[in-house]
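Accompanying notes for the structure given below.
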Amino acid sequence: MERTFIAIKPDGVQRGQIAEIISRFERKGFKLVAIKLVVPSKDFAQKHYHDLKERPFFNGLCEFLSSGPVLAMVWEGEGVIKYGRKLIGATDPQKSEPGTIRGDLAVVVGRNIIHGSDGPETAKDEINLWFKPQELD
Ligand code: ATP
Ligand code: MG
């Protein structure tokens with residue numbers, strides 16, 4: 087069954103949005119298969135966002151991801167990669183529709199509270215980066 091990697095970033099955790107975000111995925115009918123709270127190192131954050139290393143905001147983005155606890159999760163279900171991105175909404179919360187997580191809960195692109203894998207390959211890579219095989223049974 088299809089799986090995706092979803093992370094509540096340090097701003098979402100600090101702002102108390104864990105239950106709100108998890109409930110949206112649960113209500114849709116997706117299944118939570120792994121979950122843990124971790125403070126990633128900056129080096130680890132750079133691995134997670136390696137595709138963006140040429141972008142001007144890369145350093146700040148990695149500093150931010152490693153600034154506090156991140157709730158790392160794996161969610162499972164038919165179409166969960168694409169539909170998870172729909173639940174999350176557009177990258178820039180100014181452009182996310184109301185009803186989406188970023189549309190309802192965030193204001194600026196550098197503090198958009200949640201990450202979701204953008205395709206089958208990145209989902210596989212990100213799940214393997216954040217979780218050990220024995221955490222995924
Ligand atoms: P994510 O990968 O976090 O789910 P995304 O796939 O919607 O977000 P990406 O293009 O992968 O968007 O960008 C990764 C993250 O980098 C964004 O979530 C955002 O926090 C940050 N980011 C993207 N564009 C900008 C920007 N112009 N300025 C500052 N930060 C940005
Ligand atoms: Mg992305």
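The opening position of the sequence shown corresponds to residue 87 in UniProt numbering, with each subsequent residue numbered one higher. Where is the CB? At the ideal position from N, CA and C, for every residue including glycine. Quantities reported herein were computed from a predicted structural model and do not represent experimental measurements.
Check: P179 - DSSP class collapsed to helix/strand/coil; Outcome: coil
Check: G219 burial status per 10 Å Cβ neighbour count (16 or more: buried); Outcome: Note that residue 219 corresponds to Pro in the displayed sequence, not to Gly. Answer is exposed; the Cβ neighbour count stays below 16.
Check: At least 3 beta-carbon pairs within less than 8 Å: the region 188-206 vs the region 161-175; Outcome: yes
Check: Within-8 Å CB hit, D129 to chain B; Outcome: Considering every chain present, this structure includes no chain B. It has just one protein chain.
Check: Within 8 Å, strictly: CB atoms of I213 and L157; Outcome: no
Check: E162, DSSP secondary structure in three states; Outcome: strand
Check: Cβ contact (3+ pairs, closer than 8 Å) linking the region 181-188 and the region 145-165; Outcome: no
Check: C-beta atoms of F130 and W161 nearer than 8 Å; Outcome: no
Check: Short Cβ contact (8 Å threshold) for G170 with G202; Outcome: yes
Check: Closer than 7 Å: N198 CB and nearest the ligand ATP heavy atom; Outcome: yes
Check: Same chain, Cβ closer than 8 Å to V99, neighbours up to 5 away in sequence not counted; Outcome: L123, G154, P155, V156, L157
Check: Bounding residues of the beta strand (DSSP E) (the contiguous stretch that carries V195); Outcome: Counting along the chain, V195 falls outside any beta strand (DSSP E), and DSSP gives it neither H nor E.
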